[in-house]
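A.B. asks: Got a structure here, written out as structure tokens. Questions coming.
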Amino acid sequence: MASPIPLTAADPDRLGGWELLGRIGTGGQGVVYLGRPVEPAGGPSRVAVKLLHAQLLGDAGARERFVRELALLQRVAGFCTAQMLEADMAGDRPYIVSEYIPGRSLRALVQEEGPRSGADLDRLAISSVTALSAIHRANVVHRDFKPQNVLMGPDGPRVIDFGIARAFDAGSTLTSQVVGTPAYMAPEQFSGRVGPATDLFAWAGTLLFAATGRDPFAGGPLPAVMYRIMHETPDLGVLPGKLAEVAAACLAKDPKVRPTSEDVLLWLLGERDGSTRPQTATERLPGPTVQAPGVPAPASGGMPGTGFHGAQPAAGPPTARFTQDAESATIRQSPPDGAPPYPPGPAAPETWRAPWPQGGGEPHPATDAHRPSPAPRPGPTLRRGPALVAGLVLAAFLAVLDVAALAILIARPELSEGARGGLLPVVASSFAVLAVVTLVAVILAWRGSRPAAWTVMGARVARVAMWGAWGALVEIQVSALAGHAVVTAVVVVLLARGLTRASR
Numbered sequence: 001m002a003s004p005i006p007l008t009a010a011d012p013d014r015l016g017g018w019e020l021l022g023r024i025g026t027g028g029q030g031v032v033y034l035g036r037p038v039e040p041a042g043g044p045s046r047v048a049v050k051l052l053h054a055q056l057l058g059d060a061g062a063r064e065r066f067v068r069e070l071a072l073l074q075r076v077a078g079f080c081t082a083q084m085l086e087a088d089m090a091g092d093r094p095y096i097v098s099e100y101i102p103g104r105s106l107r108a109l110v111q112e113e114g115p116r117s118g119a120d121l122d123r124l125a126i127s128s129v130t131a132l133s134a135i136h137r138a139n140v141v142h143r144d145f146k147p148q149n150v151l152m153g154p155d156g157p158r159v160i161d162f163g164i165a166r167a168f169d170a171g172s173t174l175t176s177q178v179v180g181t182p183a184y185m186a187p188e189q190f191s192g193r194v195g196p197a198t199d200l201f202a203w204a205g206t207l208l209f210a211a212t213g214r215d216p217f218a219g220g221p222l223p224a225v226m227y228r229i230m231h232e233t234p235d236l237g238v239l240p241g242k243l244a245e246v247a248a249a250c251l252a253k254d255p256k257v258r259p260t261s262e263d264v265l266l267w268l269l270g271e272r273d274g275s276t277r278p279q280t281a282t283e284r285l286p287g288p289t290v291q292a293p294g295v296p297a298p299a300s301g302g303m304p305g306t307g308f309h310g311a312q313p314a315a316g317p318p319t320a321r322f323t324q325d326a327e328s329a330t331i332r333q334s335p336p337d338g339a340p341p342y343p344p345g346p347a348a349p350e351t352w353r354a355p356w357p358q359g360g361g362e363p364h365p366a367t368d369a370h371r372p373s374p375a376p377r378p379g380p381t382l383r384r385g386p387a388l389v390a391g392l393v394l395a396a397f398l399a400v401l402d403v404a405a406l407a408i409l410i411a412r413p414e415l416s417e418g419a420r421g422g423l424l425p426v427v428a429s430s431f432a433v434l435a436v437v438t439l440v441a442v443i444l445a446w447r448g449s450r451p452a453a454w455t456v457m458g459a460r461v462a463r464v465a466m467w468g469a470w471g472a473l474v475e476i477q478v479s480a481l482a483g484h485a486v487v488t489a490v491v492v493v494l495l496a497r498g499l500t501r502a503s504r
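For the sequence shown, UniProt numbering assigns the number 504 to the last residue and increments by one with no breaks.
In structure tokens, the structure reads:
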């Protein structure tokens, strides 16, 4: 087991009745210490103590999130997370004392020992989705399920870090700020709408990481990650048949057609022929057929023993990246009635029918019982000529400047002081929204989308118009507005020239 990092002069050596022995992790809200009781009385000999960051003590929102994390920990069954033992929210430094789980995070385990396979991968899938089922039954949505937040304890995985988790009413969908780790966020999460299905999308991505050692959607700037999450499906061929089937269902872009965590658990525990698989309304839809993925030979290796406590390691290796495989699956039309819903084994037919629509999108109904409808003719795409490239690069540069301006205002609130200065963050936020639209559209236009190029032009023109409109409420520099308008005009001219000459 790795030793905790020694305390520094800035760290307390005692909180309440607990002596702190060293740091074992850190996160956005606080620092996690290894602790022990000052006066042992038959309780645990080691605990984990999460202390709110000193710089967040004056932040009412941070305290509220810390209190909410405590409330959610009390709702969730103790077997699926580190059980809460004690807390002090009224003192100068709020802290939460929880069960200490000796073990590494799933990310650390895979990076140190390699990808999981065979029975190891099956145990991870079943035990982690069992934990998610318990979390969802407590009417809690985690919102940040990822390999770092799956702690591989000696008695099985535990889901940790409920810092951004939220309670929800059964059957409802939460609308909130966009939070989470981008590479493991579901498509709907980028618009701030989350629910239990959001966790299932992240669970499938985490399962793929465990099997490959690579983050399924990571790599490149945030807009590129967003595009892959919303429009592409990772290669599921490394997963064995049933796990590939479950992961494909959980990676559906539409959260309404994803199975629930309880459905997934029953599905994984069912018979090989699928006789105990739960029925859902979506199964009545004509589902696509996916080329049965090849199953690689399982590698040896068992579950880890003990190791570093995994809230967030104080120092660790960088996140792995990967190149998206364009040959992730072959979509075909539905098989005739009576085709088996699961691939029965090595002697199975070459194709099998997916019980839920695959992650790539909605099912494609046939116009005739024996003949699929013709594929739509692809529309014209763009060739990246010099004018188009220059216009897209310049538009992306302007968008990045808008995001940087918002970051500066957040980091230096004194810039917003003065008459009507409080509106500056609102102004910058509105510009940042258009900046994100611009960056996503730039990526799509770079990939050949003509509508996206028009969107880039529209977003930049709207940015200039919005700046002029805000001038009625806040003081603006006319010279800066004029300069931005000139650069925007150059972008529009370049893109218009590229659109008229680059079609093919």
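Beta carbons: idealized from backbone N, C-alpha and C, even for Gly.
My assumption, with CB atoms under 8 angstroms, is that Val-238 sits in contact with Ala-211. Please give the rounded CB distance.
C.D. replies: Position 238 of the sequence shown, counted from the start, is the residue given in the question as residue 238. Position 211 of the sequence shown, counted from the start, is the residue given in the question as residue 211. Yes, they are in contact, since the Cβ atoms of Val-238 and Ala-211 sit about 5 angstroms apart, within 8 angstroms.
A.B. asks: Under 7 angstroms between the Cβ atoms of Ala-87 and Ile-101?
C.D. replies: Here residue 87 corresponds to residue number 87 of the sequence shown, with the count starting at 1. Here residue 101 corresponds to residue number 101 of the sequence shown, with the count starting at 1. Going by C-beta atoms, Ala-87 is not nearer than 7 angstroms to Ile-101.
A.B. asks: Looking at C-beta atoms only, is the number of pairs between the segment 52-64 and the segment 121-134 that lie closer than 8 angstroms three or more?
C.D. replies: Cβ pair count under 8 angstroms is below three, so no.
A.B. asks: If you follow the alpha helix (DSSP H) that residue 509 is in, where does it begin and where does it stop?
C.D. replies: Residue 509 falls outside the range modelled here, since the chain spans only 1 to 504, and no answer is possible.
A.B. asks: What are the residues that DSSP puts in a beta bridge with Leu-251?
C.D. replies: Translated into the one-based positions of the sequence shown, residue 251 becomes position 251. Looking at the DSSP assignment, Leu-251 forms no beta bridge with any residue, so it has no partner.
A.B. asks: Give every residue of the same chain whose Cβ lies closer than 8 angstroms to the Cβ of Gln-74, excluding the five residues on either side of it in the sequence, and list them in chain order.
C.D. replies: What you label residue 74 is simply residue 74 of the sequence shown in a count that begins at 1. Cβ neighbours of Gln-74 beyond the five flanking positions: Met-84.
A.B. asks: Looking only at its chain, what residues have a beta carbon closer than 6 angstroms to the beta carbon of Met-89, apart from the 5 residues adjacent to it on each side?
C.D. replies: Here the question's residue 89 lines up with position 89 in the sequence shown. Taken in chain order, the residues that qualify are Val-67.
A.B. asks: How should Glu-112 be labelled, buried or exposed, when 16 other C-beta atoms within 10 angstroms of its C-beta is the threshold for buried?
C.D. replies: Translated into the one-based positions of the sequence shown, residue 112 becomes position 112. Exposed is the call here.
A.B. asks: Check Leu-392 in the structure and name its three-state DSSP category.
C.D. replies: Counting from one through the sequence shown, the residue named residue 392 turns up at place 392. Leu-392: helix per DSSP, three-state reduction.
A.B. asks: With a Cβ-Cβ cutoff of 7 angstroms, do Arg-460 and Ala-395 count as a contact?
C.D. replies: Taking the first residue of the sequence shown as position 1, residue 460 is located at position 460. Taking the first residue of the sequence shown as position 1, residue 395 is located at position 395. In this structure, Ala-395 lies closer than 7 angstroms to Arg-460 by Cβ.
A.B. asks: Between Ala-405 and Tyr-184, what straight-line distance do the alpha-carbon atoms span, to the nearest angstrom?
C.D. replies: For the purposes of this step, residue 405 is identified with residue 405 of the sequence shown, where counting begins at 1. For the purposes of this step, residue 184 is identified with residue 184 of the sequence shown, where counting begins at 1. If I take the Cα positions, the gap works out to 27 angstroms.
A.B. asks: Do Phe-145 and Asp-215 have their C-beta atoms closer together than 7 angstroms?
C.D. replies: What you label residue 145 is simply residue 145 of the sequence shown in a count that begins at 1. What you label residue 215 is simply residue 215 of the sequence shown in a count that begins at 1. Contact: no.
A.B. asks: For Gly-30 versus Leu-51, is the C-beta spacing smaller than 7 angstroms?
C.D. replies: For the purposes of this step, residue 30 is taken as residue 30 along the sequence shown, with counting starting at 1. For the purposes of this step, residue 51 is taken as residue 51 along the sequence shown, with counting starting at 1. Result yes, Cβ atoms of Gly-30 and Leu-51 sit closer than 7 angstroms.
A.B. asks: Quick check on the burial criterion: 16 or more other C-beta atoms within 10 angstroms. Buried or exposed for Gln-279?
C.D. replies: Locating residue 279 in the sequence shown gives position 279, where the first residue counts as 1. Note on Gln-279: pLDDT 43, under 50, position unreliable in the model; the coordinate value appears next. So Gln-279 ends up on the exposed side.
A.B. asks: Measuring alpha carbon to alpha carbon, tell me which of Leu-401, Val-140, Pro-6 ends up nearest Val-487.
C.D. replies: Counted from its first residue, the sequence shown places residue 487 at position 487. Of the candidates Leu-401, Val-140, Pro-6, the one whose C-alpha sits nearest the C-alpha of Val-487 is Leu-401.
A.B. asks: Among Ala-496, Val-257, Leu-266, Arg-463, which one has its Cα closest to the Cα of Gly-483?
C.D. replies: Sequence index remark: in the sequence shown, residue 483 carries index 483 (1-based). It is Arg-463 whose Cα lies nearest to the Cα of Gly-483.
A.B. asks: Which residues share a DSSP beta bridge with residue 521?
C.D. replies: No answer is possible for residue 521: the residues shown for the chain start at 1 and end at 504.
A.B. asks: Hey, which unbroken runs of the beta strand (DSSP E) at 3 residues or more fall wholly within the segment 90-161?
C.D. replies: Runs found: 95-99, 150-153, 156-159.
A.B. asks: My output table needs one value for Val-32: the three-state DSSP class, helix, strand or coil.
C.D. replies: Within the sequence shown, residue 32 is the residue found at index 32, counting from 1. Strand, per DSSP.
A.B. asks: Beta strand (DSSP E) containing Ala-210: first to last residue?
C.D. replies: Residue 210 sits at position 210 when you count from the first residue of the sequence shown. Unbroken run through Ala-210 is the alpha helix (DSSP H), 196-212; no beta strand (DSSP E).
A.B. asks: If you draw a straight line from the C-alpha of Val-264 to the C-alpha of Val-246, how long is it?
C.D. replies: One-based indexing of the sequence shown puts residue 264 at position 264. One-based indexing of the sequence shown puts residue 246 at position 246. The alpha-carbon atoms of Val-264 and Val-246 are separated by roughly 7 angstroms.
A.B. asks: Starting from the C-beta of Ala-315, find all residues in its chain whose C-beta is less than 7 angstroms away, skip the five residues before and the five after it, and write them out in chain order.
C.D. replies: For this step, residue 315 is matched to residue 315 along the sequence shown. Reliability of the predicted coordinates at Ala-315 is poor, the pLDDT of 39 falling under 50, and the value obtained from them is presented with this limitation in mind. Nothing meets the Cβ criterion.
A.B. asks: In three-state DSSP terms, what is Met-84?
C.D. replies: Taking the sequence shown and counting its residues from 1, one reaches residue 84 at position 84. Three-state result, Met-84: strand.
A.B. asks: Alpha carbons only, please: which of Leu-132, Leu-151, Arg-93, Val-427 is nearest the one belonging to Val-110?
C.D. replies: For this step, residue 110 is matched to residue 110 along the sequence shown. Nearest of Leu-132, Leu-151, Arg-93, Val-427 to Val-110, Cα basis: Leu-151.
A.B. asks: Quick check on DSSP: helix, strand or coil for Arg-447?
C.D. replies: Taking the first residue of the sequence shown as 1, we reach residue 447 at position 447. Coil, per DSSP.
A.B. asks: If you compare alpha carbons, which of His-231, Trp-454, Leu-481 is closest to residue 519?
C.D. replies: The structure shown has nothing for residue 519, since the chain only spans 1 to 504.
A.B. asks: What residues in its chain sit with their C-beta under 8 angstroms from that of Ala-224, if we drop five residues either side in the sequence?
C.D. replies: Taking the first residue of the sequence shown as 1, we reach residue 224 at position 224. Excluding sequence neighbours, Ala-224 sits near Ile-443.
A.B. asks: Locate the beta strand (DSSP E) running through Val-49, then write down its first and last residues.
C.D. replies: What you label residue 49 is simply residue 49 of the sequence shown in a count that begins at 1. That run of the beta strand (DSSP E) goes 47-52.
A.B. asks: Per DSSP, Gly-270 is paired with what?
C.D. replies: The count along the sequence shown starts at 1 and reaches residue 270 at position 270. DSSP lists no partner for Gly-270.
A.B. asks: Quick check: Val-141 and Val-194, are their CB atoms within less than 7 angstroms of each other?
C.D. replies: Here the question's residue 141 lines up with position 141 in the sequence shown. Here the question's residue 194 lines up with position 194 in the sequence shown. Yes, Cβ-Cβ distance for Val-141 and Val-194 is below 7 angstroms.
A.B. asks: On the three-state DSSP scale, how would you describe Arg-65?
C.D. replies: Here the question's residue 65 lines up with position 65 in the sequence shown. Three-state DSSP puts Arg-65 in a helix.
A.B. asks: Does Phe-217 have its Cβ less than 7 angstroms from a Cβ in chain E?
C.D. replies: In the displayed structure, chain E is absent; only one protein chain is listed.
A.B. asks: Tell me the DSSP secondary structure of Thr-26 in three-state form.
C.D. replies: For the purposes of this step, residue 26 is taken as residue 26 along the sequence shown, with counting starting at 1. Residue state, collapsed to three classes: strand.
A.B. asks: When the Cα of Gly-213 is compared with those of Ala-186, Pro-147, Leu-266, His-231, which residue comes out closest?
C.D. replies: Within the sequence shown, numbered from 1, the residue matching residue 213 stands at position 213. Selected option, being the one with the closest Cα: Pro-147.
A.B. asks: Please say whether Leu-494 and Ala-399 have beta carbons closer to each other than 7 angstroms?
C.D. replies: By 1-based counting over the sequence shown, the position of residue 399 is 399. By 1-based counting over the sequence shown, the position of residue 494 is 494. Result no, Cβ atoms of Ala-399 and Leu-494 do not sit closer than 7 angstroms.
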